[in-house]
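Trainee:
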Amino acid sequence: MEKKIIIVSGEPSGDLQAGLLISGLKELDSGIGVFSVGGSCSQKAGAEIIQDIKGLSVLGFFDVLKKLGEFKKLMRLVLDKIEEIKPEAIILVDFSGFNLRLAKKINKRVRTIYYISPQVWASRPGRIRTIKKFIDKMLVIFQFEQDFYKKFGIDAEFVGHPLLGLVKPSMSKEEARNEFGLNETSPVFALLPGSRAGEVKRILPIMLESARLIQEKILEAKFIISKPPSLDNTIYEKILKSSLRRMKPFFQSLRGALTQSGRRSNLNLEIKLIEAKQYDCLNVADFVLVASGTATLETAIMQKPNVVIYKMGFLNYLLYRPLVKVPFIGMENIVAGKELAPEF
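Just so we're aligned: 227 in the working numbering is position 223 of the sequence shown, and the numbers increase by one with no gaps anywhere.
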């Protein structure tokens with residue numbers, strides 16, 4: 005009889021890890037049936053997609069409210085699938101706002117495993133009670149998380165961080181420069197504004213303004229934006245159009261000053277949008293502006309100098325700031341226990 009499991013991820017970063025997990029499970033048992041709330045990574049690894057994650061990513065309480073109806077439908081879909089196929093286990097991957105509520109609804113009717121822990125050691129420690137009551141096993145990616153959970157009598161196992169074997173460019177730095185249309189000498193700044201639409205809308209304008217300030221000092225600077233395939237190009241195009249329109253008077257003034265001084269006058273903020281090649285973007289970059297999240301660890305693994313940028317909506321900030329128990333927002337700084345990269 006075929007073994008069946010359900011895997012639930014809700015964001016591109018979680019789908020990436022779920023895809024690796026599915027590939028590993030298929031190597032152990034090629035006949036296992038995997039049903040997934042996931043995306044392209046899960047599908048390529050061999051899962052049957054019961055709900056695509058495109059559009060599910062949210063940031064903050066008010067973004068959740070806007071999609072509450074969608075999440076209720078998704079909850080019902082997963083619970084119905086559990087009743088239909090009666091899986092050996094359900095594996096919840098990250099996406100804690102939804103997955104912990106799902107675990108409550110499942111209420112241990114099926115073995116419930118959590119892979120990539122909610123960051124309860126950083127904020128919202130009340131979730132520990134939920135995890136202890138409704139999760140059968142935690143598979144954690146940081147050693148300190150295993151020690152943390154065991155203090156509360158929770159079955160947790162450190163399984164290593166999947167990014168350590170994953171973060172590798174697909175081409176050399178020279179090949180990436182050629183593919184992205186970058187010359188050999190210009191310094192390259194990579195902008196990584198996040199994988200959620202809300203993040204990109206809040207953070208990319210800040211990064212573009214930073215790019216303007218950088219080019220004021222480094223005239224030859226080139227800029228690339230790393231874009232996940234799960235987000236529409238129109239999000240970036242609207243932000244770029246709006247930001248560059250606001251910057252136009254600045255560049256006109258700077259071109260005039262350069263012309264008068266006998267220096268170049270064809271100054272423009274050159275920005276290239278690169279899709280689904282984040283590790284190649286990091287490889288080619290001399291410096292990185294990165295939104296807090298998984299990408300900060302990817303940047304650190306690639307050993308790139310960087311600054312961490314984050315911005316929440318004002319009301320979300322008021323709601324969540326009192327719940328945060330760590331002094332940093334970037335995972336590279338949190339793991340190191342000190343500031344490796346400046347945060348803004």
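Even glycine gets a Cβ: it sits at the ideal position worked out from N, Cα and C. Fair warning: this is a prediction, and the values are worked out from it, not measured in the lab.
Throw me the rounded Cβ distance for the L168 and F227 pair, which I believe falls under 8 Å.
Mentor: About 28 Å separates the two Cβ atoms, so there is no contact after all.
Trainee: In the DSSP assignment, what residue or residues form a beta bridge with Y119?
Mentor: V97 and L143
Trainee: Quick one: what does DSSP say A295 is sitting in, helix, strand or coil?
Mentor: strand
Trainee: Going by the CB atoms, is the gap between V292 and K308 shorter than 8 Å?
Mentor: yes
Trainee: Using the Cα positions of Q21 and I222, report the straight-line distance between them to the nearest angstrom.
Mentor: Taking the straight line from one Cα to the other gives about 37 Å.
Trainee: Work out the CA separation of E183 and A225 for me, nearest whole Å.
Mentor: Between the alpha carbons of A225 and E183 lies a distance of about 17 Å.
Trainee: Taking the alpha helix (DSSP H) that G202 belongs to, which residues open and close that run?
Mentor: Per DSSP, G202 belongs to the alpha helix (DSSP H) from A201 to K221.
Trainee: Under a three-way DSSP split, which group does K108 fall into?
Mentor: DSSP places K108 in helix when its eight states are reduced to three.
Trainee: Check this for me: beta carbons of Y119 and L104, under 8 Å apart or not?
Mentor: no
Trainee: Give a yes or no on contact between the segment 282-290 and the segment 178-194, applying the rule of three or more CB pairs nearer than 8 Å.
Mentor: yes
Trainee: Helix or strand or just coil, what does DSSP make of Q55?
Mentor: strand
Trainee: In this structure, does DSSP put S40 in helix, strand or coil?
Mentor: DSSP, reduced to helix, strand and coil, places S40 within a strand of the structure shown.
Trainee: Excluding the five sequence neighbours on either side, which residues of its own chain have a C-beta within less than 7 Å of the C-beta of L301, listed in chain order?
Mentor: L167, M335 and E336
Trainee: I need the boundaries of the beta strand (DSSP E) containing V288, first residue and last residue.
Mentor: Taken as a continuous stretch (DSSP letters only), V288 belongs to no beta strand (DSSP E), being part of the alpha helix (DSSP H) at Q282 to V288.
Trainee: Could you tell me how far apart the beta carbons of V312 and E347 are, in whole angstroms, since I believe they sit closer than 8 Å?
Mentor: 5 Å
Trainee: Can you look up V12 in the DSSP assignment and give me helix, strand or coil?
Mentor: strand
Trainee: Identify which residue in Q147, K108, K141 and G101 has its Cα closest to the Cα of S127.
Mentor: G101
Trainee: How would you call D159, buried or exposed, if buried means at least 16 neighbouring beta carbons within 10 angstroms?
Mentor: Exposed, because fewer than 16 other Cβ atoms sit within 10 Å of the Cβ of D159.
Trainee: Taking its Cβ as the centre, do 16 or more other Cβ atoms sit within 10 Å of F148, making it buried, or is it exposed?
Mentor: exposed
Trainee: Since V311 sits in a beta bridge, which residues does DSSP pair it with?
Mentor: L293
Trainee: Does DSSP put K48 in a helix, in a strand, or in coil?
Mentor: helix
Trainee: In chain order, what residues of the same chain lie with their CB nearer than 7 Å to the CB of I218, ignoring the 5 residues before and after it?
Mentor: F193 and A225
Trainee: CB-CB under 7 Å to S214, same chain, minus the five flanking residues each way: which ones, in chain order?
Mentor: Same-chain partners within the cutoff: L293.
Trainee: Can at least three beta-carbon pairs, one atom from the segment 174-188 and one from the segment 14-31, be found at a separation below 8 Å?
Mentor: no
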